[in-house]
Structure formats: C-alpha cells, structure tokens
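Protein chains: 2
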Amino acid sequence: MEVEVKAKQAKAAARKMAVVDENTKNLALNHMADALIKDIGKILEANKKDVLEAEKRNIKASLIDRLKLDEKRIEAMAKGLREISTFPDPVGSIEKMWKRPNGLQIGKMRVPIGVIGIIYESRPNVTADAAGLCLKSGNAVILRGGSDAINSNIAISSILAKAAYEAGIPEGAIQLIENTDREEVNRMMKLNGLIDLIIPRGGANLIKNVIENSTVPVIETGVGNCHIFVDETAKFNMAKDIIVNAKVQRPGVCNAVETVLVHKSIAKEFLPLMVEELTSLGVEIRGCQITKQICPQVKEATDKDWETEYLDLILAVKVVDSIDEALDHISKYSTGHSEAIITENYENAMMFLKSVDSAAVYVNASTRFTDGGEFGFGAEIGISTQKMHARGPMGLEELTTYKYVILGSGQIRE
Amino acid sequence: MEVEVKAKQAKAAARKMAVVDENTKNLALNHMADALIKDIGKILEANKKDVLEAEKRNIKASLIDRLKLDEKRIEAMAKGLREISTFPDPVGSIEKMWKRPNGLQIGKMRVPIGVIGIIYESRPNVTADAAGLCLKSGNAVILRGGSDAINSNIAISSILAKAAYEAGIPEGAIQLIENTDREEVNRMMKLNGLIDLIIPRGGANLIKNVIENSTVPVIETGVGNCHIFVDETAKFNMAKDIIVNAKVQRPGVCNAVETVLVHKSIAKEFLPLMVEELTSLGVEIRGCQITKQICPQVKEATDKDWETEYLDLILAVKVVDSIDEALDHISKYSTGHSEAIITENYENAMMFLKSVDSAAVYVNASTRFTDGGEFGFGAEIGISTQKMHARGPMGLEELTTYKYVILGSGQIRE
Chain A
1 MEVEVKAKQA KAAARKMAVV DENTKNLALN HMADALIKDI GKILEANKKD VLEAEKRNIK
61 ASLIDRLKLD EKRIEAMAKG LREISTFPDP VGSIEKMWKR PNGLQIGKMR VPIGVIGIIY
121 ESRPNVTADA AGLCLKSGNA VILRGGSDAI NSNIAISSIL AKAAYEAGIP EGAIQLIENT
181 DREEVNRMMK LNGLIDLIIP RGGANLIKNV IENSTVPVIE TGVGNCHIFV DETAKFNMAK
241 DIIVNAKVQR PGVCNAVETV LVHKSIAKEF LPLMVEELTS LGVEIRGCQI TKQICPQVKE
301 ATDKDWETEY LDLILAVKVV DSIDEALDHI SKYSTGHSEA IITENYENAM MFLKSVDSAA
361 VYVNASTRFT DGGEFGFGAE IGISTQKMHA RGPMGLEELT TYKYVILGSG QIRE
Chain B
1 MEVEVKAKQA KAAARKMAVV DENTKNLALN HMADALIKDI GKILEANKKD VLEAEKRNIK
61 ASLIDRLKLD EKRIEAMAKG LREISTFPDP VGSIEKMWKR PNGLQIGKMR VPIGVIGIIY
121 ESRPNVTADA AGLCLKSGNA VILRGGSDAI NSNIAISSIL AKAAYEAGIP EGAIQLIENT
181 DREEVNRMMK LNGLIDLIIP RGGANLIKNV IENSTVPVIE TGVGNCHIFV DETAKFNMAK
241 DIIVNAKVQR PGVCNAVETV LVHKSIAKEF LPLMVEELTS LGVEIRGCQI TKQICPQVKE
301 ATDKDWETEY LDLILAVKVV DSIDEALDHI SKYSTGHSEA IITENYENAM MFLKSVDSAA
361 VYVNASTRFT DGGEFGFGAE IGISTQKMHA RGPMGLEELT TYKYVILGSG QIRE
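Protein chains in written order, with the UniProt record's numbering: chain A, 1 to 414; chain B, 1 to 414.
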C-alpha cells in the first residue's frame, strides 16, 4: 500500500504547498541543485547498479544510454532546477476582476492543481525535472519511474526531497514510489480524490496503458506524427530548408516531421531537389506512387507509413491534388502535435491555420519549434497532444488551474 | 453499433463545424427555436408517452415532474436557444500574439473541442440546452439521455438536427443515441479518437459511473457539499441573511449551503438567532455537540452529516475553535464546489481565499451565485467540480480549447 500512504502524505503536503511563497520555492530549487552536485557520488553509485543490472538483462544500447548518468548529466539536472527558479511563479495571479451589477467582484485566480502523478520510463533526469516544475507551480508530486532506473531514482528523489524540506517546503511534497510492481501503478491510477492529475511520459504503450486504466484525469503527451504540406506557391528553397531541418536536425523527437505532402503541380520540379538533399543526409524516403514515378530511387510507401511516427531518418512523401486533400490526409493521420504549411498564398495559409486541429499549426516554419523553450515558456513537463486543459508545450502555467474568488459585501441571490 | 456510427458522423461533422461562421450558427439557433415552437405538438405527444410509461412503472412524483413537458417548458427551451445566439462566439479569437527573437509570431487561438458527449438523466430540456451550447461553441454533440425520456429526446433532437441542417450546419453535428441499453453507453465512453470529451449531467451515481468507466476525458459536474464559515468578526445580520439565502432560496441545487461552521467565540450569541430564523423557515438543523448545548432543540449531527449533500431543507452546523479548524473541516469534506467566509477581518478573508481549494471561494456573499448567468457568462452546460480544463460554471469558452498558431518566414531551428 505504499502508493496510498504516499498519496495521502502528498495530499496533505499539497494543501500547505499552495500557500508557500515564491521566494521559499526558489530557495528550495537552488538548494536542491546544490544537493545534487554535493551528492553526485551517491547518484553515480546508484546509477551504476541500474546500468549493471540492465546490462545483465541484455537491454539494448539505446535504452542503456538513456539510463546512464555521468557528471555532465547530473550537472544538467542541477542547472535545470536553477533555471526553473528564475521563471515567474504563476500561482496567485488574477488576470482581471470584473464587477457584476450587484457589486460582486469576481476574478479567476491561478492555483496549483494539487497532487500530480508522473509515470515515466528509463530516463532518471525526469525525476529532477518533474520535481522542480511541480514544486515551482505549487504542486505536490508523486513520481513513478521505471524499474530500470529505480536505484538512480531513489537516490535523486531522496536528495531532492531532503533538500526541499530543509529549505522550507512541506514534508511529503516530493515522493517517489519505490515499489515498481505493475499492481502498484495500477492502484496509483485509481486514486481519485488523492491524486488530481497523471502525466505519463514515455513511449506509446506506456501512454496507452495509462489512458485505458486511469480513473484519475490524464494528460496525454508526446506522440507526434507531424506533417509539412508544400503548396503550389511555396518557395522551393524555403520548403527544402524547413523539411531538412524538421527531419534531420533531431529525428528522434516528437516534433520532427514524419510525412511531407506536396502539391501535384510542383511535384515534378520540387521532389527531385528535396529527395536529393534528404538522401545525401542519410534519410530514407518512402513515397506514394507518383513520388516514385518522379523519383524512382525512393522506396514505395504503404498505408502503414502514413500512420507511423518513425522517430528516425525516414520520411514518408505523398503527392496531393489540392489543399483539401492535404487537410483530409492530416485530419486522418495526424496525432494532433504539429503541422506546417509552406506557402506564399494568403488564402491557403489562413485555411491551413483555421482547419488543422493540432496543438501547433505553422506557416513557413519548422515543426521543430514546438517546445516550451522555443515558445518562450521556459522548461516544459511535456507536449500535450490532447485537447483538454492544456495543448502543446506544458510549462508552469499549464501545471496550474484556477479558482473563482468572489468579493462581496453581503450580497444574496434574489 | 449505433454509437460508433454516429460518433464517426459527428467527428466528420466536427471538422466542418470548426469553420462555420458565427452568423450561420446564430441563424441556426434561432431556426431551431422556431422549429421547437412549430412542432410543439409533436414534442408534447412524445413526452406524453414517456410520462405514461413512467407512471406505469410507479416512478416517483419528483422524477415525473422533471420529465414532464408543457408549452411553457418548451417555450423556455426555445428562449434558451435564442439567448445562446446572443452570446459572443469564442471560436477563432486570439488573445495576443508574441514575437520570438527569431521573428516567429506565436498566438493562442480558441478552437472548438471537437465532439462532445453528454450523458444525462431524465430532464429532456438538457437535450436542447446542450445542443445549443455545443453548436454555438463549434462542437458536434452526441447526446445520450436516460431511457425515461427517450421519446421526448428523439422528438426534440430530430427537430433540432433538421432545423440546424436547414440553416447551414453540417449534417451529423447534433446526434442522439436512441439505444438506451447500458452497453451502448459503455461503448460510448471508450470511443477515444472519435469523442473528445464527455460531460455527465445528473446524480452522483451517474457521474461516478462515467468517471470509473470512461477512457475519454471527463469533466465532473455538479456535486456540491458547500460550506459557510462565520468567523468571530462577522456581522450577525449579514451572516444570517446569507445563510438563509444559501439554504432556503433553492435548496435542491448544487450551490446551496449544506454545512455552516461557526467560530466558538460568537456561537452562544449567533447560533440562537440563526437557528430560530432557519427553523421558522422549515429548515431542520443537525448540530455538533456544542451547537446542541446552545440550541437544545436541534438534532444531533453524526459524521455522515458532514459529508452529505442534502439538496433539501436540512443544514449541518458545527462550532469550530479557529479558522484553521474551519479550513481543515472544509478540506476534508468539501466537494470543491463553493465555500464562503463571513468576516469583517481582512487577514481571515485573505487566508480563506488563498487556502480554500474550491471552484468558487466567497467573502461575504451567498454561495448561490456560483452560476454561469450570475458570473456574467450567460448559459452554462454545468458546474465543474474538478480541476482540469475548467472549474466552476462552464459557459461557451469552457467548451473550447486552444491551439498555437505560428506565423513564420522560413525559420528553422538551430
């Protein structure tokens, strides 16, 4: 029953957290950063155990790389916490108050959500990021990392919790579930009344499991089958540069482009340019039949390609008859993350902005900008791809909710 | 498979709905209102069937009263639709755009949620209200009313859907599930990808069932165990008037007060005044032991009373030692709807506003004001008592979400 006990402690802490002032929170974040650096040896030792264990179980190299910590990575965590201390605290702000005819003054005050559960996989840096963001936004956090990283997570979270407490943060505001059994996480997802929100961070399977089993509200993050549509008026160089950037600059992330749609009237001219450049950069192209006719060297795409988030140097390409066909394709296959149009035509730009139902819709820019830092929000806890509460990069403000505060002078309802 | 088929149609309609202009939506709302009046005979006939059926099954009088329609109630539905046509359309508005150092302009655009499912009980007027609010906010709606009202709901929804379509609203934007089997609603709650949000409207059991079984995001509405705390500085007359208003003016609604907490230092003076007035108005008082010592005529409260939403002329009363004890009690028993403090002390007022974690927190006013109309939002689809997405009265704006629109000139990420 570890999770129930810790969730109750977190709920009690959350009530106190809601009224902790910004200075104390900032002090705590810096103290937490100091503690990570001071105890760097302990963290590396715990992490070594996890890595050895993973190697024993023949876990693949890319996962071990995610798991592995070194001084640089721990310093990056500490730097992240210090950065969070510099972001403005959204809690307590009231954007405006309005007055009703009976004299009541009503305003919407930003308040913490309460207790936030984070369910994540093998990256131990999530432990520090999530703890820092939840703390600054006035929430208590319950961390539930993967079993692969359990020793690292215990080391990091206990250092952070102790440092936070020493700096005046209520006890229980940062909790880690040490029991990594599946039943424990299943119980966590049913703790309505104790946990207010669960954010899964990880692969598609992890997210699907949380959505299907959680009765606590969930914010979906991260899956990005992103599209770029090059219309018949696009500047070829701009289109090519944006596509190369969106595919090649960091292919393993959720805001990388996965499918490019090209208007038929420019396909013959544009596709060879694009394919040549991408191929020279090591990108495998999977094209529709028309693409293949124009560029015979590309592989043929199947329907499965349109729905795949490659997260790799692979790009699906389709020639479309019109902007309507492009919009239909996006509506059918997009995961609601980020889509862009490359165009010089005003009407097409407006139509695309209005019609595409994704968290971020671009005209003439790379999809890679969908990111808390790039949007000017500072750090983010994830990119929401659902429509409720928060969409796109979730920064500190998205980790809060609001309540109505109403100032009266004895008003009663007639 | 009725619900799957209709949800697919609704999803297709939602894409078109998102770009319908405000004039067309307003025209449709007025045309729908006209159609309800024109076909008033059909609706009354269908409703008669429902009422006869309910009487046959010996359903209790208060439920039959909710179910029963007459000309006045249908006229009220039509009036409601016309009113919705006068509210401003939130869709498409962008509060501000900011510019990033690389020249990207970023803004948050209000957009419809998509497909909204409403699961409700016996009041057939919900059919018209929900259809109107979802239409004006650019959403497609799937209505799933109770079996008691099925004939009325079919009549109303088909009249509304036809009138909306005639006025230029995409076909399929207003749908009613005619199959009232429980399995059908269970399937509805799993249609992630087709339905974006489910709002349950009804009693605590209905809401609990939807929260436990829906994998589609849910907004909880309506359960209100509301508190008023009278502190040691309160003006007695103001406190008494507010409590009487919050308890008696309409005891059956979610924003009525259910428990009054009174500071011990004024209990002896204040409680007899309050109890006398409430008793004379037919309110049954259930008090803690100290309340009973001061006013021996009241019933004794049990722990169950503190957690009960009476929705009736019953009030629980407890004497507390301090504002901290009042805050603890509220934190433990409140359902997060509406709470008020009656005070002349600035520090207590600020403390209460800051600490109470409910959708609406009042100083010196009746909890009965938690209502879309009273807040100045026009009609509402419900009062959210959860923390994600929307809190308190949910008007048109709360039936929308946002997306980021980003205007570039060829920017790529470094």
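Yeah, the Cβ is synthetic: ideal placement off N, Cα and C, and Gly gets one too.
Source: prediction; values computed, not measured.
At a Cβ threshold of 8 Å, is residue i touching chain B?
i: ASP217/A; result: Note that residue 217/A corresponds to Pro in the displayed sequence, not to Asp. True, the Cβ-Cβ gap to chain B drops below 8 Å.
i: GLN411/A; result: yes
i: LYS22/A; result: It is Glu, not Lys, that sits at residue 22/A in the sequence shown. No - not a single Cβ of chain B is within 8 Å of the one on GLU22/A.
i: ASP89/A; result: no
i: VAL363/A; result: yes
i: GLU2/A; result: no
i: TYR404/A; result: yes
i: SER334/A; result: no
i: PHE229/A; result: no
i: ASN245/A; result: yes
With a 10 Å radius around its C-beta and 16 neighbouring C-beta atoms as the bar for buried, classify residue i as buried or exposed.
i: ALA204/A; result: exposed
i: THR302/B; result: exposed
i: residue 423/A; result: The question about residue 423/A has no answer, for chain A in this structure spans 1 to 414.
i: ASP50/A; result: buried
i: THR24/A; result: exposed
i: ILE199/B; result: buried
i: GLU220/A; result: buried
i: GLY287/B; result: buried
i: ARG182/A; result: exposed
i: TYR120/A; result: buried
i: ASN58/B; result: exposed
i: TRP98/B; result: exposed
In chain A, which residues lie less than 8 Å from residue i when you measure between Cβ atoms?
i: THR401/B; result: LYS387, MET388 and ARG391
i: MET238/B; result: GLY410
i: GLU212/B; result: THR215
Residues in the same chain with beta-carbon distance under 6 Å from residue i, minus the five sequence neighbours each way, listed in chain order, please.
i: LYS16/B; result: PRO170
i: ASN237/A; result: none
i: ARG187/A; result: VAL3
i: ASN151/B; result: ALA46, LYS49 and ASP50
i: LYS11/A; result: VAL115 and LEU194
i: PRO251/A; result: ASP312 and LEU313
i: ALA360/A; result: SER338, THR370 and GLY392
Beta-carbon within less than 7 Å of residue i's beta-carbon, same chain only, minus the 5 sequence neighbours each way: which residues are those?
i: MET274/A; result: LYS240 and ILE243
i: LEU133/A; result: ILE84, ALA379, ILE381, LEU396 and LEU399
i: GLY282/B; result: LEU313
i: TYR402/A; result: LYS108, MET109, ARG110 and VAL111
Which residues of chain B have a Cβ atom closer than 9 Å to the Cβ of residue i, listed in chain order?
i: VAL253/A; result: None at all; the shortest Cβ gap to chain B is about 10 Å.
i: residue 418/A; result: Only positions 1 to 414 of chain A appear in the structure, and residue 418/A is not among them; the question remains open.
Compare the C-beta of residue i with all C-beta atoms of chain A and state if any pair is closer than 8 Å.
i: VAL19/B; result: yes
i: ASP241/B; result: yes
i: TRP98/B; result: yes
i: VAL111/B; result: yes
i: ASN192/B; result: yes
i: LEU135/B; result: no
i: ALA379/B; result: no
i: GLY202/B; result: no
i: ILE323/B; result: no
i: ILE106/B; result: yes
i: GLN9/B; result: no
i: SER366/B; result: yes
i: LEU315/B; result: no
In chain A, which residues lie with their C-beta within 7 Å of the C-beta of residue i?
i: LYS49/B; result: Result: empty, since nearest Cβ-Cβ is about 37 Å, beyond 7 Å.
Quick one: which chain B residues come within Cβ less than 7 Å of residue i?
i: ASN205/A; result: Here the premise fails: no neighbours, minimum Cβ distance about 15 Å.
Using a cut-off of 8 Å between C-beta atoms, extract the partners of residue i located in chain B.
i: SER358/A; result: LYS403
For residue i, I'd like the list of residues in its chain whose CB is within less than 8 Å of its CB, leaving aside the five on either flank, ordered along the chain.
i: ASP129/A; result: MET77, GLY80, ALA379 and ILE381
Contact between the stretch 173-192 of chain B and the stretch 225-244 of chain B (3+ Cβ pairs under 8 Å): no
Cβ pair count under 8 Å reaching 3, the stretch 381-391 of chain A against the stretch 329-337 of chain B: no
Cβ pair count under 8 Å reaching 3, the stretch 128-141 of chain B against the stretch 392-407 of chain A: no
Stretch pair the stretch 86-104 of chain A + the stretch 122-129 of chain A: three plus CB contacts closer than 8 Å: no
contact_flag[the stretch 279-298 of chain A, the stretch 343-355 of chain A] where n(CB pairs < 8 Å) is 3 or more: no
Sufficient close CB pairs (3 or more, under 8 Å) joining the stretch 35-46 of chain A to the stretch 155-164 of chain A: yes
Three or more C-beta pairs below 8 Å linking the stretch 65-72 of chain A and the stretch 86-96 of chain A: no
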